[in-house]
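Top line first, the protein sequences correspond to chains A and B. Following the numbering used here, the numbering of the first sequence begins with -18 at its first residue and continues without gaps. Following the numbering used here, the numbering of the second sequence begins with 62 at its first residue and continues without gaps. By construction, the Cβ of each residue, glycine as well, lies at the ideal position given by its N, Cα and C atoms. All remarks here apply to the structure that follows.
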Amino acid sequence: MTQLVIRQRRTASAATRGPGRRRSTRTERGRGAVGWAFLAPFATVFVVFLVAPLAYAFYLSLYTKGLATGERFGGLDNYVRVFKDPSFWSGVWFVVRFTAILVPVQMAVSLMAALVLDSLTSRFSRFSRLVIFVPYAIPAVIGALMWGFLYSPSFGPLNGIFHAFGAHAPFLLDRSNLFYGLTNVVTWQWAGYYMIIIYAALQGIDPAIYEAARMDGATNRQIALRIKVPMVFSALTLILVFAVIGTLQFFTEPQVLRPISNGGISADITPNVYAFNTAFSYGQVNYASAIAFALGIVVFLGVYIFLFATRKRGGLLR
Amino acid sequence: MSAQTQPRRLGSHLFLGFLVIYFLLPLWFLVVASTKDAHGLFNGSGGALWFDKHFSLFTNLRELFSYDDGIYLTWIRNSVLYAFTAGVGATVLAVLAGYAFAKFDFPGRRLSFSMLLGAVMVPATVLVIPTFVLLAKVDLTNTPWAVILPSLLNPFGVYLMCVYITESVPDELLDAARVDGAGELRIFLSVAVPLMRPAIVTVLLLSVVGIWNNYFLPLAVLSDSSKFPVTVGLGLWQGLANNNNGGGTSLYSLILVGSLVSIIPLVICFLSLQKYWRGGLSLGSLK
């Protein structure tokens, strides 16, 4: 049945296109060249600053550099070393745990904020929408610096607040509280951006659907959970991908907060920080390339599998 | 009905109120802390979240712009230079490439488009280390080009433009212009581009913000502090402040007032252009 419909459609489109096509083979080929001409500048940058560095990183990662031996071809030696390196695995483990906690928190905050903002039309709600979004316009470095100051035991407000209750303020960047400290910084920075994406999708829904649901006796909560959330599913998929990619690439915040964490944040806290320090503090570019490449493969596979799994429900790949 | 919705509204507003306080807290702290001198920061009379009795914002500003021969202004200038040249460049490339993907059926289109989607997901970090080594081979590290050229790459911008153009630039209009004998470049500039304006503003804004906020790339490819953008510069001060290396100046007040000054332009930009980007940001999630 469906096959039949498809075949019918095909013949229909062939019929409409058929005669015109024969006449314009030359112009169409010409138009293909025009398409490439429009694409060419971007394609050049793409090849020079994406394909070439990736290929070069792979090439570098195949060589090892020793003090006595110099640079020599080592095949997959570096990768064997990466996968045996406890620093790499502790970084990956940190990032995975961090993703598992941070991403749901971020999604929950931004989804709830978007649903509430969508249901209100007051002046205060418009003001709140801007305020929640503002951190996106602030560089991650400055966000991290500000929260670092706020966490600081010497001049942050936490001490004062906790002293008022007769308690001792925790330092949110030491080893045991680091997780919460960093989760908070990243949520503050990005939740507003995700909120705007969801909010814009919510605003695109036809309000007649809510009317119909209300006539059928649906409560506001049911409308939010059963209609609004499923209808913005593709927006949620998009921000989930952004959030996961962002978290796996976690670099700026730990790198900026490292000096003030009194050793709470180590030089191998995430694979990115580890690769950066391996390359630029210890000069081991080959090994750092292998770390970065191994991380890239993990991220790429993870995201592609995820997109493939969600494609039927309207993700990025359709 | 109203009896049922009224308490919900109250609850919603309380929830929003809580969010507003949370999201404003660091900014409020920044504003307050910028008005304090070193003594006020550590032992201020009003605590961390209120003003000290000494109001030294203007002293701090003067100090900020004169410290180390006014290097802060150089950093701001560098940030503006990098963000605007690379932002405009990346947007032009994205508009051209998005138009090609949306409106032309050229050989290799499907393959290029899936490579583009793949590129959206390549972690930027994987690229930074080899990019640094490659740039070093052609002697471009520690020059503005080392930041600007790699920043021209914005696959997500291309994707956004492609989605937008597919939806809002009708084929019929382009074909009509072709029948009238207009050349492809002319059609692009005078028919297609005016229809893409909201998406162009969005992509431009996202590119500029992305480059302005970038930390990893400039940190890796620049070594001379007079070439730093403001993000890397403030990071440098932070490191010096923690090692008590400020040479007698309290770098903490400079970092705070410097952070405040550097975020003002972008926040104003975003707030004043919001009617453009608000629609644009949701582009990627259109059904």
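Reduced DSSP category for residue i - H, G, I as helix; E, B as strand; rest coil
i, result
"tyrosine 276 of chain B", "coil"
"arginine -10 of chain A", "Any reading at arginine -10 of chain A must be qualified, since the residue scores a pLDDT of 38, below 50, and its modelled position is unreliable; the value itself is stated next. Helix."
"threonine 45 of chain A", "strand"
"tyrosine 263 of chain A", "coil"
"methionine 182 of chain B", "coil"
"aspartate 98 of chain B", "coil"
"alanine 150 of chain A", "coil"
"glycine 198 of chain A", "coil"
"glutamine 230 of chain A", "coil"
"alanine 81 of chain A", "helix"
"proline 188 of chain A", "coil"
"alanine 94 of chain A", "helix"
"phenylalanine 136 of chain A", "coil"
"alanine 248 of chain A", "coil"
"asparagine 253 of chain A", "helix"
"serine 270 of chain A", "helix"
"proline 34 of chain A", "helix"
"proline 22 of chain A", "helix"
"serine 286 of chain B", "helix"
"arginine 156 of chain A", "coil"
"leucine 101 of chain A", "coil"
"isoleucine 119 of chain A", "coil"
"valine 15 of chain A", "helix"
"serine 175 of chain B", "helix"
Range covered by the beta strand (DSSP E) that runs through residue i
i, result
"phenylalanine 54 of chain A", "51 to 54"
Inter-residue CB distance, residue i and residue j (contact presumed, cutoff 8 Å)
i, j, result
"leucine 332 of chain B", "leucine 111 of chain A", "6 Å"
"alanine 36 of chain A", "alanine 273 of chain A", "Their Cβ separation, rounded to whole angstroms, is 13 Å, which puts alanine 36 of chain A and alanine 273 of chain A out of contact at 8 Å."
"proline 252 of chain A", "valine 73 of chain A", "6 Å"
"phenylalanine 130 of chain A", "glycine 137 of chain A", "6 Å"
"leucine 153 of chain A", "tyrosine 132 of chain A", "5 Å"
"serine 91 of chain A", "tyrosine 175 of chain A", "4 Å"
"alanine 185 of chain B", "phenylalanine 277 of chain B", "7 Å"
"serine 265 of chain B", "glycine 148 of chain B", "Checking the sequence shown, residue 265 of chain B turns out to be leucine, not serine. With a Cβ gap of about 6 Å, leucine 265 of chain B and glycine 148 of chain B count as contacting."
"asparagine 274 of chain B", "proline 120 of chain A", "4 Å"
"proline 87 of chain B", "methionine 127 of chain A", "4 Å"
"leucine 31 of chain A", "threonine 168 of chain A", "At roughly 30 Å, the Cβ-Cβ gap does not stay under 8 Å, so leucine 31 of chain A and threonine 168 of chain A are not in contact."
"serine 284 of chain B", "threonine 135 of chain B", "Wrong, their Cβ atoms sit about 15 Å apart, outside the cutoff."
"isoleucine 190 of chain B", "valine 266 of chain A", "7 Å"
"threonine 146 of chain B", "isoleucine 248 of chain B", "At roughly 28 Å, the Cβ-Cβ gap does not stay under 8 Å, so threonine 146 of chain B and isoleucine 248 of chain B are not in contact."
Close-in-space but distant-in-sequence residues of the same chain around residue i (CB under 8 Å, 5 per side omitted)
i, result
"glycine 295 of chain A", "At glycine 295 of chain A the pLDDT is 49, less than 50, meaning the model places this residue with poor confidence and gives no usable figure here."
"alanine 64 of chain B", "Bear in mind that the predicted position of alanine 64 of chain B carries a pLDDT of just 42, short of 50, making it unreliable; the figure below should be weighed with that in mind. Once the five neighbours on either side are set aside, alanine 64 of chain B has no close Cβ partner at all."
"phenylalanine 76 of chain B", "none"
"alanine 199 of chain A", "Arg207 and Ile208"
"valine 115 of chain A", "Gly173"
"valine 92 of chain B", "Leu321"
Extent of the continuous alpha helix (DSSP H) run through residue i
i, result
"aspartate 58 of chain A", "58 to 65"
"histidine 144 of chain A", "139 to 145"
"asparagine 203 of chain B", "Premise fails: asparagine 203 of chain B is in no alpha helix (DSSP H) and is neither H nor E."
"proline 236 of chain A", "The sequence shown places glutamine at residue 236 of chain A, not proline. Counting along the chain, the alpha helix (DSSP H) containing glutamine 236 of chain A begins and ends at 233 to 238."
"tryptophan 111 of chain B", "Segment: none, tryptophan 111 of chain B is in no alpha helix (DSSP H) and carries neither H nor E."
"valine 213 of chain A", "Counting along the chain, valine 213 of chain A falls outside any alpha helix (DSSP H), and DSSP gives it neither H nor E."
"isoleucine 248 of chain B", "245 to 248"
"glutamine 170 of chain A", "159 to 184"
"threonine 292 of chain B", "291 to 303"
"glycine 218 of chain B", "216 to 229"
"isoleucine 324 of chain B", "312 to 333"
"serine 109 of chain A", "104 to 114"
"aspartate 232 of chain B", "232 to 240"
Cβ neighbours of residue i in the same chain (closer than 7 Å, five flanking residues each side left out)
i, result
"asparagine 243 of chain A", "Asp155"
"alanine 125 of chain A", "Val166, Thr233, Glu234, Val237 and Leu238"
"threonine 192 of chain B", "Pro211"
"valine 252 of chain B", "Leu234, Leu235 and Ala238"
"cysteine 223 of chain B", "Gly159, Phe162 and Ala163"
"methionine 207 of chain B", "One detail in the question is off: residue 207 of chain B reads as alanine in this sequence, not methionine. Result list for alanine 207 of chain B: Leu196, Leu201, Val282 and Leu283, in chain order."
Cutoff 6 Å; reference residue i; Cβ partners in own chain excluding five residues on either side
i, result
"tyrosine 285 of chain A", "none"
"phenylalanine 217 of chain B", "Val181"
"proline 205 of chain B", "none"
"tyrosine 337 of chain B", "Pro259 and Val262"
"alanine 144 of chain B", "Val269, Ile272 and Trp273"
Within the stretch 104 to 173 of chain B, ranges of the alpha helix (DSSP H) (whole runs, at least 4 residues): 118 to 127 and 132 to 164
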